[in-house]
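Enquirer: Let me begin by handing over the structure; questions about it come next.
There are 2 protein chains.
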Amino acid sequence: MDAGMAFDLGRCYSCVARRTGLCSVLSDNALMRFKKIAHRRRYAAGEHIFSGEEQTDFFASVCSGVVKLTKVLFDGRQQVVGLLLAPDTVGRICRKRSPYFAEAATDVELCCFPHGSFEQMLDGVPELKQRLLEQTLDELDSARDWMVLLGRKTAEERVASLFLMLATRANCSDYSEQIQRDSLGLDLHLKRQEIGDFLGLSYETVCRQITALKKKGLIEQPGRRRFRIPDTEALTRTAG
Amino acid sequence: MDAGMAFDLGRCYSCVARRTGLCSVLSDNALMRFKKIAHRRRYAAGEHIFSGEEQTDFFASVCSGVVKLTKVLFDGRQQVVGLLLAPDTVGRICRKRSPYFAEAATDVELCCFPHGSFEQMLDGVPELKQRLLEQTLDELDSARDWMVLLGRKTAEERVASLFLMLATRANCSDYSEQIQRDSLGLDLHLKRQEIGDFLGLSYETVCRQITALKKKGLIEQPGRRRFRIPDTEALTRTAG
DNA sequence: CGAGACATTGAGTAGGTTCAAAGACCGTGG
DNA sequence: CCACGGTCTTTGAACCTACTCAATGTCTCG
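Chains Z and U supply the protein sequences, listed in that same order.
Going by the numbering used here, the first residue of the first sequence is number 1, and it counts up by one from there.
Going by the numbering used here, the first residue of the second sequence is number 1001, and it counts up by one from there.
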């Protein structure tokens, strides 16, 4: 079987990365070449994607699902340092300095590019490198926003910020439910423990604050994992 | 007077950016062209460099001194989201999303590139864009390390981490005092308040922890602003 | 239906903040 | 040269937020 055919050509046309991610800057022609080096890979929720120790052999676009990047202290304390949703990218290019773990927080679908051929593409297609730079700058901005949250916000503000962030991303990148601007919905796939590790809180505190926000009417929970933000403005105010 | 001569040609040869920063990837020829668009700019300690609100018209390399990037919450709470030492870069390229303030934490010397001509250079010199990407990735790594500190470390660990970080940077980038590996020195130009804003602590707590570390013999203070780390290993252990 | 994983809630504690006061340093001007 | 004022630092005491420990409740899946 031809290696280039292992990847279903039709997929790109419905892919988030093609619409708004890394692949959005590619000409049809460049996309063709890009397809040839790429392959899809699926991970079940909880599955390990890579750790900083081992040599990562690919760079990837997130096509669906949530990838969690964590760092661990010697005694087991964890900090989530990034949540990657489609069409974010994952993997290290250039030298790696500080190792972290990448794990599928939900079922995840990645579009993987082997290191060698990806860097070749990068050098050959300037728009691609430009786009990668832009996405990296965006990630840096997000990381800095998160530093403010971790360094200076109260527990309530942190939890409110998380809901706001997830709702915004869910409603921006998806074409779905753009209907009502002031009432956003989101599916919360993260466990309390994971939320705590992201917000720098214990999972009990996360619990209490979610309960508190529900009592205040700032968030609603119509389903098991489904949440609704009736008044975005109000939640933004309590998020700081 | 020729605009190109406004910038002293000799400076590049002793510049940190040329040795290990953005300019290190440039050929002599490209450096010549780069010089023509650059101009030096000095800021006194405490001076405002730019805020996210106003349109920044330049991108710059830090040649000497420390630049502090801060974000401010509605009620005045501050978080330092980055400390830039030579040969880091400062300024926003591409779209700006979340505004922050850049301020000179010490006397600072910048090598500024006007936006337009800098982006032109970027497109014309692939190594430059590559280098910028690498530096951005490094900054992202640093930011994520800091997220671990802010989210999960104790006050003592935070302060120890800061001393370690500053000492490492001071002794790596400078050619000075590479003498003893296990005894690093550093000059602390930041105020307690600024350290607190960086570490997500109150300045009183910073004070107490510095005192505690001195009592434990993990740091020494031979001069007003001068600190010495007698045993790097030991401090690393208490830094987590 | 029972086991295991996850979520919730309560009670006590601790680490860090806040408020307050005193001390050190520095530049300025009489 | 020294007194003065301002800024920054240090230290103490009370308080509070979030953590820890522990028990109970809930959901899912075999």
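Glycine residues also receive a C-beta, built at the ideal position from the N, C-alpha and C atoms.
No experiment lies behind these values; they were computed from the predicted model shown.
Which stretch, first to last residue, makes up the alpha helix (DSSP H) that contains L235(Z)?
Expert: Segment T232 to A239, the alpha helix (DSSP H) holding L235(Z).
Enquirer: Taking just the CA atoms, how far does K191(Z) sit from A105(Z)?
Expert: 9 Å
Enquirer: Between the C-alpha atoms of S161(Z) and I1195(U), what's the straight-line distance to the nearest angstrom?
Expert: 25 Å
Enquirer: Between the Cα of L83(Z) and those of V62(Z), M121(Z), K215(Z) and F227(Z), spot the shortest distance and give me the residue it belongs to.
Expert: V62(Z)
Enquirer: What does DSSP give as the partner residues of Y1013(U) in its beta bridges?
Expert: Bridge partners of Y1013(U): none, in fact.
Enquirer: Between L1132(U) and L1022(U), what straight-line distance do the alpha-carbon atoms span, to the nearest angstrom?
Expert: Using only the alpha carbons, I get a separation of about 7 Å.
Enquirer: Between the C-alpha atoms of H48(Z) and D197(Z), what's the straight-line distance to the nearest angstrom?
Expert: 17 Å
Enquirer: Using a Cβ-Cβ cut-off of less than 7 Å, list which residues of the region 132 to 148 of chain Z approach chain U; keep chain order.
Expert: L132, L133, E134, T136, L137, D138, E139, L140, D141, A143, R144, D145, W146, M147 and V148
Enquirer: Work out the CA separation of L73(Z) and L188(Z) for me, nearest whole Å.
Expert: A direct Cα-Cα distance of roughly 26 Å separates L188(Z) from L73(Z).
Enquirer: Can you grab the Cα-Cα spacing for the pair V66(Z) / R42(Z), in whole Å?
Expert: Between V66(Z) and R42(Z), the C-alpha separation is close to 12 Å.
Enquirer: Determine contact between the region 1142 to 1156 of chain U and the region 142 to 149 of chain Z, defined as no fewer than three beta-carbon pairs at a distance below 8 Å.
Expert: Remark: three or more beta-carbon pairs, one from each stretch, lie closer than 8 Å, so the region 1142 to 1156 of chain U and the region 142 to 149 of chain Z are flagged as touching.
Enquirer: How would you list, in chain order, the residues of chain U whose beta-carbon sits under 8 Å from the beta-carbon of F227(Z)?
Expert: Within chain U, no residue comes near F227(Z); the closest Cβ sits about 23 Å away, beyond 8 Å.
Enquirer: So, helix, strand or coil for E54(Z), using DSSP?
Expert: coil
Enquirer: Quick one: is C172(Z) buried, meaning 16 or more other Cβ sit within 10 Å of its Cβ, or exposed?
Expert: exposed
Enquirer: When the Cα atoms are used, what is the spatial distance from G240(Z) to L164(Z)?
Expert: 11 Å
Enquirer: Can you name, in chain order, every residue of its own chain whose Cβ lies under 7 Å from the Cβ of G91(Z), other than the five neighbours on each side?
Expert: Excluding sequence neighbours, G91(Z) sits near T56, F58, F59 and A60.
Enquirer: Who are the Cβ neighbours of R77(Z) in its own chain at under 6 Å, not counting the five residues just before and after it?
Expert: none
Enquirer: Beta carbons nearer than 9 Å to chain U: which residues of the region 79 to 93 of chain Z have them?
Expert: Cβ contacts with chain U: Q79, V80, V81, G82, R92 and I93.
Enquirer: Who are the Cβ neighbours of R33(Z) in its own chain at under 8 Å, not counting the five residues just before and after it?
Expert: Closer than 8 Å at Cβ, skipping near neighbours: M121.
Enquirer: Using the C-alpha atoms, what's the distance from G1200(U) back to G1052(U)?
Expert: 21 Å
Enquirer: In the DSSP assignment, find the unbroken beta strand (DSSP E) run with H39(Z) in it and report its ends.
Expert: H39 to Y43
Enquirer: Does the distance from the C-beta atom of V1159(U) to that of Q1209(U) stay below 8 Å?
Expert: Taking C-beta atoms as the reference points, V1159(U) and Q1209(U) count as a pair closer than 8 Å.
Enquirer: What distance in whole Å lies between the Cβ atoms of T20(Z) and P126(Z), which are believed to be in contact at a cut-off of 8 Å?
Expert: With 8 Å as the limit, P126(Z) and T20(Z) do not qualify as a contact, their Cβ atoms being about 20 Å apart.
Enquirer: For chain Z, check one thing: does any of its Cβ atoms lie closer than 8 Å to the Cβ of G1200(U)?
Expert: yes
Enquirer: How would you list, in chain order, the residues of chain Z whose beta-carbon sits under 8 Å from the beta-carbon of R1169(U)?
Expert: Near R1169(U) there are no residues of chain Z at all, since even the closest Cβ is about 13 Å away, more than 8 Å.
Enquirer: For the beta strand (DSSP E) holding K1068(U), just list the boundary residues, first then last.
Expert: V1066 to V1072
Enquirer: Quick check: what's the CA-CA separation for S24(Z) versus G1010(U)?
Expert: 44 Å
Enquirer: So what's R158(Z) in DSSP terms, helix, strand or just coil?
Expert: helix
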